[in-house]
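In the numbering used here, the protein residues as written are 16 to 381.
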């Protein structure tokens, strides 16, 4: 199929995503419990991304807990005119369906989004099969650095958007907040007050800011981490308990007096637990952040020269200054440090899905 035809089909599919945004956003809220308005924004961004690319044939295996929107998108792809076999949605669990995909000899590339633990298993399985090309977008405890000169009220508001969106089930949720020691205590008081007012509840309600965790297993895991934080000496500023009596809702949880070696700081919690850590100077915070960072980092600061200096020393593929979670299809997105740190979006991401072939011909023999 010619590139122009493929591009036309992709754009038609993007049009259908926008056309059915109300239905899709409700289906996705039913799927994963994410607030309705956040899902509308995600679908809009997805349509914009599809407009940017004309891709290869794929097998799409959604997470076993959330197959609904992927299956509906398959129907939109068919309606758009995609030939059979171009996009194949294959629901199933990870241990069987996912393993089959990773070890299949006929699949040339695997892209995985999820936890580091499962990412390592994917890499091990691929190494035992045909060593296909791998790309990962792995979950991470991304840091937000609040500098001494930051406007405190603005910092508090921005911090609220770094982790609790999608119930903190995001690859770059800002779960570690590094606050300069001179403003640390004031920040903790102000932020705990704001987090307490965050609206938790029915994700179909437009006023809801935080929905439930994806299932009971994840819910119980997060509650154990909350207890671990208390036992290891962190101070619970707010939350730390179930919201309501039904479902897997957890109140936004904020800990202060946190150290780097605590489980809530070092482990993949994937839940609404924010750790506030104190630092003394730039050298210290850069070292602590670079020990674990690689995907994204945010910095809240007034001094633009110090901002650029700080960002240049932070080992992260994406850095936000006085904002967080801002992405564009025109700009690359990837990670430092960790295995599978390939690039997504723009031309760099486009190259990840193609092979380069060199052909040398002796024209004298033709």
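Using N, Cα and C, we set each Cβ at its ideal position, and we do this for glycine too.
Asked: Contact between the region 82-90 and the region 99-108 (3+ Cβ pairs under 8 Å); Found: yes
Asked: Inter-residue CB distance, residue 176 and residue 340 (contact presumed, cutoff 8 Å); Found: 7 Å
Asked: Limits of the beta strand (DSSP E) - the one that residue 148 falls within; Found: 148-153
Asked: Beta carbon of residue 203 nearer than 9 Å to that of residue 269; Found: yes
Asked: Residues near residue 152 by beta carbon distance below 6 Å, same chain, minus five either side; Found: 128, 186
Asked: When 241, 251, 252, 253 are compared against residue 382, the one with the closest alpha-carbon; Found: The chain is shown from 16 up to 381; residue 382 falls before or after that span and cannot be answered.
Asked: Assigned secondary structure, residue 311 (DSSP; H/G/I helix, E/B strand, else coil); Found: strand
Asked: Residue 264 versus 367, 326, 214, residue with shortest Cα-Cα distance; Found: 214
Asked: Reduced DSSP category for residue 125 - H, G, I as helix; E, B as strand; rest coil; Found: strand
Asked: Given 8 Å, three or more beta-carbon pairs between the region 17-31 and the region 146-165; Found: no
Asked: Residue 321 - DSSP class collapsed to helix/strand/coil; Found: helix
Asked: Bridge-paired residues (DSSP) for residue 250; Found: 271
Asked: First through last residue of the beta strand (DSSP E) which encompasses residue 76; Found: Note, residue 76: premise wrong, no beta strand (DSSP E); not H, not E.
Asked: Residues sharing a beta bridge with residue 225, DSSP; Found: 215
Asked: C-alpha distance - residue 109 paired with residue 140, whole-angstrom precision; Found: 12 Å
Asked: Nearest-angstrom Cα separation, counted from residue 310 out to residue 115; Found: 28 Å
Asked: Bridge partners - residue 334, DSSP secondary structure assignment; Found: 312
Asked: Contact between the region 230-238 and the region 276-295 (3+ Cβ pairs under 8 Å); Found: yes
Asked: Terminal residues of the beta strand (DSSP E) in which residue 289 lies; Found: 288-294
Asked: Nearest candidate by alpha-carbon position, reference residue 171, set 113, 72, 210; Found: 210
Asked: Closer than 9 Å to chain B by CB, residue 16; Found: Any reference to chain B falls outside this structure, which holds one protein chain only.
Asked: Within 9 Å, strictly: CB atoms of residue 299 and residue 148; Found: no
Asked: Per-residue DSSP class, three states only, for residue 103; Found: strand
Asked: Residue 46 versus residue 132 - alpha carbon distance; Found: 24 Å
Asked: Identity of the residues DSSP links to residue 191 by a beta bridge; Found: 158, 290
Asked: 9 Å Cβ cutoff met for residue 226 and residue 49; Found: yes
Asked: Cβ neighbours of residue 216 in the same chain (closer than 6 Å, five flanking residues each side left out); Found: 223
Asked: Classification of residue 201 by the beta-carbon crowding that lies within 10 angstroms, buried from 16 upward; Found: exposed
Asked: DSSP three-state assignment for residue 285, whether helix, strand or coil; Found: coil
Asked: Bounding residues of the alpha helix (DSSP H) (the contiguous stretch that carries residue 371); Found: No alpha helix (DSSP H) holds residue 371; DSSP gives it neither H nor E.
Asked: For residue 144 and residue 125, the rounded distance between their alpha carbons; Found: 12 Å
Asked: One or two residues paired with residue 257 in a DSSP bridge; Found: 265
Asked: Residue 366 in three-state terms, based on DSSP; Found: helix
Asked: Proximity to residue 194 [Cα-Cα], best of 330, 301, 52; Found: 301
Asked: Three-state secondary structure assigned by DSSP to residue 383; Found: The structure shown does not extend to residue 383, since the chain spans only 16 to 381, so no value can be given for it.
Asked: Cβ-Cβ separation, residue 229 to residue 249 (assumed contact under 8 Å), whole Å; Found: Contact doesn't hold; Cβ gap of about 25 Å is too wide.
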